[in-house]
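Reading through the C-alpha cells given below for one structure.
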Amino acid sequence: MSGVVYWLDMIGVIVFALSGVVLACRSRMDPFGMLVLAAVTGIGGGTLRDLVLGIRPVFWVSDPTYLWVILATVGVALLGFHYIHRLSRRFLPVADAFGLALFVVIGTHKALLLGTSAVVAVVMGIMTGVAGGMLRDVLARRVPMVLREEIYATAAMAGGIVYAGLYTVGTPLYFAIAASLFVTLGLRLAAIRWRLALPQFAWVKVAPKVEPSDSALSTPKKAKERVRMIRRQRRR
Numbered sequence: 153m154s155g156v157v158y159w160l161d162m163i164g165v166i167v168f169a170l171s172g173v174v175l176a177c178r179s180r181m182d183p184f185g186m187l188v189l190a191a192v193t194g195i196g197g198g199t200l201r202d203l204v205l206g207i208r209p210v211f212w213v214s215d216p217t218y219l220w221v222i223l224a225t226v227g228v229a230l231l232g233f234h235y236i237h238r239l240s241r242r243f244l245p246v247a248d249a250f251g252l253a254l255f256v257v258i259g260t261h262k263a264l265l266l267g268t269s270a271v272v273a274v275v276m277g278i279m280t281g282v283a284g285g286m287l288r289d290v291l292a293r294r295v296p297m298v299l300r301e302e303i304y305a306t307a308a309m310a311g312g313i314v315y316a317g318l319y320t321v322g323t324p325l326y327f328a329i330a331a332s333l334f335v336t337l338g339l340r341l342a343a344i345r346w347r348l349a350l351p352q353f354a355w356v357k358v359a360p361k362v363e364p365s366d367s368a369l370s371t372p373k374k375a376k377e378r379v380r381m382i383r384r385q386r387r388r
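Just so it is clear: in the sequence shown, position 223 is 375 by the working numbering, and no numbers are missing.
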C-alpha cells in the first residue's frame, strides 16, 4: 500500500509541476522561471506540511527523486513548448484539480500515519493541496485560486474529511483513496464546468440623498437662476 501512495505522490508532483510550467509560459518566463514555478507548485505544499508536522528532513531532501521528476517534467515541457503553449485555458484549472485531489489524499494520509487527530489530518491535507498553488500564483502575480470565490479549498476539505473518516473507521485504504479522489476531483471539476462559487460578502455603500436645494446648485446655470430668484424676493 505504501508503494501505491508513493506513486500517487509522484503523479501529483508531475501534474502540479506541469501546471506551474503552463502558467510560467503564459507569464512569459524564462526556463529558470519555469523551473522555479514547477518546483514551488510540485513540492511547496508538502514542504510546508512536513515543517508544520516537525518531520526532519522534509520528504524531498530524504528522497531527491522528487527533484529529478520535476527536472524531467520541465525538460519535457521545454522540448514540447509549442504544444504546451497552445493548450486551452481550461487545461491549467483541470490539471490543478487533479493535483489537488492527489495531494489532499497524500497529506491527510501522512498526517494520520503520524498519529494526529482527524481534524489536524484534514488541515494537513488542505495545506498539501493548496499551498503549492498559492505560492505559484503569487510568484506569477495572480490572485491565488484559493482566495477567489471558486470552490477550491472547499473541495479539498471535503476530500480530506472523506478520507480521514473512512480511514478512522477502518475502511480499506484503496476504497478510502478512491472515495477521496472522487469527492475532491468531482467537486472541483463541477465548479469549473458550471462555474459554481461560494457566496460573496461585501459592505454595501448607500449613496447619500441629495436635497432639492443642493440639486438646484448642481450646475452654474441653475445657481444663477437661484441667485436671481433670491434677489427678486428681497426687492419685494
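Don't be surprised by glycine CBs; every beta carbon is placed ideally from N, CA and C.
What does residue i pair with, by DSSP beta-bridge criteria?
i	result
E302	A349
If we ignore side chains and look at the alpha-carbon of each, how far apart do residue i and residue j end up?
i	j	result
L291	A283	12 Å
G198	T260	11 Å
C177	T193	14 Å
T323	L230	43 Å
D202	R242	31 Å
R390	E302	The requested residue 390 is not part of the displayed model; the chain covers only 153 to 388.
G196	L287	7 Å
A342	G185	31 Å
V275	A253	14 Å
A328	S179	38 Å
Y319	F211	22 Å
L223	A169	9 Å
C349	P296	Cys is not the amino acid found at residue 349; the sequence shown has Ala there. Their Cα atoms are separated by approximately 15 Å.
I258	T280	8 Å
G155	R345	33 Å
E233	L187	The identity of residue 233 in the sequence shown is Phe, whereas the question assumes Glu. Distance between the alpha carbons of F233 and L187: 14 Å.
I250	W220	A small correction: the amino acid at residue 250 is Phe; Ile does not occupy that position in the sequence shown. Rounded to the nearest angstrom, the two C-alpha atoms are 21 Å apart.
Taking the continuous alpha helix (DSSP H) assigned at residue i, which residues delimit it?
i	result
P183	P183 to L205
R178	S154 to R178
Spatial neighbours of residue i within its chain, please: C-beta separation below 8 Å, excluding the five flanking residues on both sides.
i	result
A310	V335, T336 and L339
A305	I278, V282 and V298
T268	L205 and M276
P183	V226 and L230
L239	V174
Skipping 5 residues on each side, what residues in its chain have a beta carbon closer than 6 Å to that of residue i?
i	result
A273	T260, A263, L264 and A316
G172	L189, A190, T193 and R288
Going by beta carbon distance, what residues of the same chain come within less than 7 Å of residue i, once the five residues before and after it are set aside?
i	result
I236	V173, V174, C177 and A229
Threshold first: 4 residues or longer. Then list the alpha helix (DSSP H) segments lying entirely within the segment 209 to 286, N to C. Entirely contained in the segment 209 to 286, the alpha helix (DSSP H) runs reaching 4 residues are, in chain order, 211 to 214, 217 to 231, 233 to 237 and 243 to 265.
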